[in-house]
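Structure record follows, encoded as C-alpha cells.
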Amino acid sequence: MKFKTILASAALSAMIFSCNVEQKKETELPEVDVDVSAEEGQLPTYDVDWADVNVGTTTKMVKVPKVVVVMEEEEVEVPYIDVDMPDSDDNDKEERTLLVEAEVTDNEHTLDIREIWASNNNLYVISELKSTDQQIGDKKMRVSDQITLNAPDLNVKYYIVGERPDRVFNSQHSYFADMNAVKSKMDDDYKMIYSK
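Everything in the sequence shown is counted per the working numbering, starting at 5 for the first residue and increasing by one.
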C-alpha cells in the first residue's frame with residue numbers, strides 16, 4: 005500500500021512540475037446564511053505556461069500558377085462557309101463556329117486555318133501554327149482562328165501543321181510535321197471547300 009502511495013505522489017509531482025502553474029486568485033467559498041440566501045463564491049484561477057506558438061511567414065521556392073495571356077474578343081470579319089449536301093434541305097443546316105486554338109509559351113505564334121477538306125460526312129480543318137520572333141517570356145498565350153460554317157451535322161477533325169507546344173491544353177487537336185503527313189491520314193475522296 006505504501007508503494008502505491010509513493011507511486012501516486014510521484015505521478016502527481018511529475019504532473020505538477022512539468023508545467024509552470026501560477027495562482028492568480030485565492031479561493032473564496034460562498035457565504036451561506038441560515039435562511040438559505042448565499043453570495044456567489046469564486047474558484048481559483050491559474051496561469052499555465054505551455055509551449056509558445058508563433059504564426060508568421062517564411063520564404064520558400066514554390067511553383068505558382070502564372071496568368072494566361074489570351075486574345076481579347078473583337079468584332080471582325082470571319083470566313084463564312086455555306087454547305088449544301090446532296091439529298092438534304094436547308095432545314096438540316098446549322099450554323100456553328102469551327103474554332104482551332106493552341107496555347108504557346110516562349111514566343112508569340114500565329115495560328116491560321118489554311119484549308120478545309122470534305123469527304124462524305126467528314127470535314128478536315130487544316131491549320132498552320134508558326135512561331136514568331138516576338139518573345140513572351142515566362143507567360144503563356146492562346147492563339148486561335150475560326151470560320152463560321154452553315155451545314156448539316158458533320159464530323160469535324162482538326163489537324164494542325166506545326167510543332168505541338170508542350171502544354172496540356174494542346175491535346176485536343178492532332179499535330180503533324182507537314183502537309184504530306186496530314187494527307188496520309190485522310191480519305192482519298194476528299195474535296196477542298198476552303199483555302200486561304
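Backbone N, C-alpha and C define an ideal beta-carbon position, used for all residues, glycine too. In this text, all values refer to a predicted model and were calculated from it rather than measured experimentally.
Where do the ends of the alpha helix (DSSP H) carrying residue i lie?
i           : result
residue 186 : 183-187
Going by DSSP in three states, residue i sits in which element: helix, strand or coil?
i           : result
residue 125 : coil
residue 105 : strand
residue 52  : Interpretation of residue 52 is limited by its pLDDT of 48, a score under 50 that renders its predicted location unreliable; no figure is taken from the coordinates.
So is residue i buried or exposed if we call it buried at 16+ other beta carbons inside 10 Å?
i           : result
residue 199 : exposed
residue 102 : buried
residue 48  : exposed
residue 108 : buried
residue 106 : buried
residue 178 : exposed
residue 185 : exposed
residue 155 : buried
residue 122 : buried
residue 165 : buried
How would you write the range of the beta strand (DSSP E) that residue i sits in, first residue to last?
i          : result
residue 86 : 84-86
Mind listing, in chain order, the continuous alpha helix (DSSP H) runs of no fewer than 4 residues lying wholly within the segment 128-199?
183-187
Give a yes or no on contact between the segment 80-87 and the segment 141-148, applying the rule of three or more CB pairs nearer than 8 Å.
no
With a cut-off of 8 Å, do at least 3 Cβ pairs link the segment 163-176 to the segment 107-126?
yes
Closer than 8 Å is the cut-off here; do at least three beta carbon pairs connect the segment 76-84 with the segment 123-134?
no
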